[in-house]
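Protein chains: 2
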Amino acid sequence: MKVTIGVSNRHVHLKEEDMITLFGENFQLEELRPIHQPGQFASTSTVTLKGEKRQLDNVRILGPTRSYTQVEISKTDAYYLGINPPVRMSGDLKGSSPITIIGPKGELHLKEGCIIADRHIHILPKQRKLYDLEGIDKVSVRLFGEKGGVVDDVYIRESETSYYEMHIDTDDANAHLVTNGDMAEILKGEDYDKNR
Amino acid sequence: MKVTIGVSNRHVHLKEEDMITLFGENFQLEELRPIHQPGQFASTSTVTLKGEKRQLDNVRILGPTRSYTQVEISKTDAYYLGINPPVRMSGDLKGSSPITIIGPKGELHLKEGCIIADRHIHILPKQRKLYDLEGIDKVSVRLFGEKGGVVDDVYIRESETSYYEMHIDTDDANAHLVTNGDMAEILKGEDYDKNR
Numbered sequence: 026m027k028v029t030i031g032v033s034n035r036h037v038h039l040k041e042e043d044m045i046t047l048f049g050e051n052f053q054l055e056e057l058r059p060i061h062q063p064g065q066f067a068s069t070s071t072v073t074l075k076g077e078k079r080q081l082d083n084v085r086i087l088g089p090t091r092s093y094t095q096v097e098i099s100k101t102d103a104y105y106l107g108i109n110p111p112v113r114m115s116g117d118l119k120g121s122s123p124i125t126i127i128g129p130k131g132e133l134h135l136k137e138g139c140i141i142a143d144r145h146i147h148i149l150p151k152q153r154k155l156y157d158l159e160g161i162d163k164v165s166v167r168l169f170g171e172k173g174g175v176v177d178d179v180y181i182r183e184s185e186t187s188y189y190e191m192h193i194d195t196d197d198a199n200a201h202l203v204t205n206g207d208m209a210e211i212l213k214g215e216d217y218d219k220n221r
Numbered sequence: 026m027k028v029t030i031g032v033s034n035r036h037v038h039l040k041e042e043d044m045i046t047l048f049g050e051n052f053q054l055e056e057l058r059p060i061h062q063p064g065q066f067a068s069t070s071t072v073t074l075k076g077e078k079r080q081l082d083n084v085r086i087l088g089p090t091r092s093y094t095q096v097e098i099s100k101t102d103a104y105y106l107g108i109n110p111p112v113r114m115s116g117d118l119k120g121s122s123p124i125t126i127i128g129p130k131g132e133l134h135l136k137e138g139c140i141i142a143d144r145h146i147h148i149l150p151k152q153r154k155l156y157d158l159e160g161i162d163k164v165s166v167r168l169f170g171e172k173g174g175v176v177d178d179v180y181i182r183e184s185e186t187s188y189y190e191m192h193i194d195t196d197d198a199n200a201h202l203v204t205n206g207d208m209a210e211i212l213k214g215e216d217y218d219k220n221r
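In order, the protein sequences belong to chains A and B.
Going by this note's numbering, the final residue of the first sequence carries number 221, and the count climbs one at a time with no gaps.
Going by this note's numbering, the final residue of the second sequence carries number 221, and the count climbs one at a time with no gaps.
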């Protein structure tokens, strides 16, 4: 069973009031380019992330706004910034890392909100059924890069508006030398887990 | 079969004449701390690496000098610098990436010499025999980080002066959330390769 890889670079989701703090009253995110998940887009706006040790500039805001503000970075970014975010599902922010976000009109000093996103596959309910993944919460996936391998704990994320795609971060992609649009293979438990 | 992980951050090996170009006549590398492979050490000296797009400062020189100059970086570093080095075994530099090395006394503009090091395991001949790895050139290895998985194409590198250890780069380590000194598990071909 194949799945296309989408590589998530560091990015930020904003709630409305935080967007106003960073970019000012009456600001609207503009679409730079769509991303595969329906309705979502990379915006023309970027911010600076600041950790305990260093900062990262030009970090893109994804739109539209959400009900929570969330910063997603890689472990490599985390070492660079000097912070230690947990591996989390999007939206699960309790106890996640503090981080500062700097925009053109203001700064946000978040007590929590920075995570390393878990590996996951977006899927429609009908695809999940078709691919025999009902009742399966996570799978392992083989990546076919020149430094290939298998990534474990790839969570199945079902919704009625999904575009079927596996999301991994830049560390996963760069470790295995895979990139956006490459194909990966979902390993069925019976073929793989017995060797663990 | 277990093996300890050693994570290789970006670093540089220098031949004698290149060391003199960068650091001046009569310069000697000083040991900052030993590394596990016998006789080798992290030196007190660092250089700047410069690629097509950006530069990386404070990149450590490993000692002692070698018969060739070699820069080892991760794919993440390569994107940052704006270069495209191949995955290679140490010393296999023909056709590898051009890179500029900047030292306190001079610069080197190398036509080749920058690689992404292959994953490998250092092993003594007697250990290779004991662990039933004779005649096996490469293995897959399971990493047990919170974002765990299996890395393929880990080359067996036998020598009489090896310290038994698996070397992976920072991308591999950060993708799987493992670090120096963590234990990994060598997967025997008969248990693993049939699933590929």
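Glycine residues also receive a C-beta, built at the ideal position from the N, C-alpha and C atoms.
Since the structure is predicted, the reported quantities are computational estimates derived from the model, not experimental observations.
Residue-chain proximity (A:G174, chain B), Cβ-Cβ < 7 Å: Taking the first sequence and counting its residues from 1, one reaches residue 174 of chain A at position 149. A Cβ of chain B is located within less than 7 Å of the beta carbon of A:G174.
Partner residues on chain A for B:N199, Cβ-Cβ distance less than 7 Å: Here residue 199 of chain B refers to the residue found at position 174 of the second sequence. Correct list: S99, K100, T101 and D196.
Any C-beta of chain B under 7 Å from that of A:V96: Position 71 of the first sequence, counting from 1, holds the residue named residue 96 of chain A. It does not; no Cβ of chain B falls within 7 Å.
Cβ-based burial, A:Q95 [other Cβ within 10 Å; buried from 16]: Residue mapping note: residue 95 of chain A aligns to position 70 of the first sequence, counting from 1. That one is buried.
Residue from B:D157, B:G128, B:S122 and B:L149 with nearest C-alpha to B:L135: Position 110 of the second sequence, counting from 1, holds the residue named residue 135 of chain B. Nearest in C-alpha terms to B:L135, of all of B:D157, B:G128, B:S122 and B:L149, is B:S122.
Neighbour flag for A:E171 against chain B, beta carbons, 7 Å: To locate residue 171 of chain A, count along the first sequence from 1; it is residue 146. With 7 Å as the cut-off, A:E171 counts as an interface residue toward chain B.
Beta carbon of A:I181 nearer than 7 Å to that of A:I146: If you number the first sequence from 1, residue 181 of chain A lands on position 156. If you number the first sequence from 1, residue 146 of chain A lands on position 121. Against a cut-off of 7 Å, the Cβ pair of A:I146 and A:I181 comes out as a contact.
Spatial neighbours of A:I67 in its chain, beta-carbon cut-off 7 Å, leaving aside the 5 residues before and after: Stepping through the first sequence from its first residue, residue 67 of chain A is reached at position 42. Per the sequence shown, the amino acid found at residue 67 of chain A is Ala instead of Ile. Counting only Cβ-Cβ distances below 7 Å, and skipping sequence neighbours, we find L57, R58, I60, R85 and L87.
Cβ separation of A:G3 and A:E137, assumed to be a contact under 8 Å, to the nearest whole Å: Since the first residue shown for chain A is 26 and the last is 221, residue 3 of chain A is missing from the structure and cannot be characterised.
Cross-strand partners of B:S165 (DSSP beta bridge): By one-based count along the second sequence, residue 165 of chain B stands at place 140. Paired residues: B:L212.
Secondary structure of B:I108, DSSP reduced to three states: Position 83 of the second sequence, counted from the start, is the residue given in the question as residue 108 of chain B. Here DSSP, grouped into helix, strand and coil, assigns B:I108 to coil.
Partners in chain B for A:R144, counting only beta-carbon separations shorter than 8 Å: Locating residue 144 of chain A in the first sequence gives position 119, counting from the first residue. Per Cβ cutoff of 8 Å: K172.
Burial state of A:E185, where buried means 16 or more other Cβ atoms lie within 10 Å: Here residue 185 of chain A is taken as the residue at index 160 of the first sequence, counted from 1. Its Cβ having fewer than 16 others within 10 Å, A:E185 is exposed.
7 Å Cβ cutoff, B:V112 in contact with chain A: Looking up residue 112 of chain B in the second sequence gives position 87. Yes, contact with chain A.
Residues of its chain near B:G231, where Cβ-Cβ distance is below 7 Å and the 5 sequence neighbours each way are ignored: Absent from the structure is residue 231 of chain B, since the part of chain B shown begins at 26 and ends at 221.
Buried or exposed by the 16-neighbour rule on C-beta atoms within 10 Å, applied to B:R221: Locating residue 221 of chain B in the second sequence gives position 196, where the first residue counts as 1. At B:R221 the pLDDT is 43, less than 50, meaning the model places this residue with poor confidence; the figure from the coordinates comes in the next sentence. B:R221 is exposed by the Cβ-count criterion.
Contact check, A:D144 vs A:V164, beta carbons under 7 Å: Reading the first sequence from its first residue, position 119 is the one you call residue 144 of chain A. Reading the first sequence from its first residue, position 139 is the one you call residue 164 of chain A. Reading off the sequence, residue 144 of chain A comes out as Arg, not Asp. Against a cut-off of 7 Å, the Cβ pair of A:V164 and A:R144 comes out as no contact.
Three-pair Cβ contact test at 8 Å for the segment 190-201 of chain B versus the segment 97-110 of chain B: Cβ pair count under 8 Å is three or more, so yes.
Helix, strand or coil at A:I45 [DSSP, three-state]: Mapped onto the first sequence, residue 45 of chain A falls at position 20. Under the three-state reduction of DSSP, A:I45 is assigned to helix.
6 Å Cβ shell around B:M114 - same chain, five flanking residues per side excluded: As a first step, residue 114 of chain B must be located in the second sequence, where it is residue number 89. D143, listed in sequence order.
Where A:L81 falls: helix, strand or coil (DSSP): Mapped onto the first sequence, residue 81 of chain A falls at position 56. Three-state result, A:L81: strand.
Sheet register partners of B:A67 (DSSP bridge): Here residue 67 of chain B is taken as the residue at index 42 of the second sequence, counted from 1. Beta-bridge pairing by DSSP links B:A67 to B:R58 and B:L87.
B:V32 to B:A198 span [Cα, whole Å]: Here the question's residue 32 of chain B lines up with position 7 in the second sequence. Here the question's residue 198 of chain B lines up with position 173 in the second sequence. Straight-line spacing of the CA atoms in B:V32 and B:A198 works out to 7 Å.
Same chain only: Cβ atoms within 7 Å of B:I108, ignoring 5 sequence neighbours per side: Against the second sequence, residue 108 of chain B aligns to sequence position 83. Listed in chain order, the non-local C-beta contacts of B:I108 below 7 Å within the same chain comprise G76, E77, S122, I124 and C139, local neighbours out to five positions each way being set aside.
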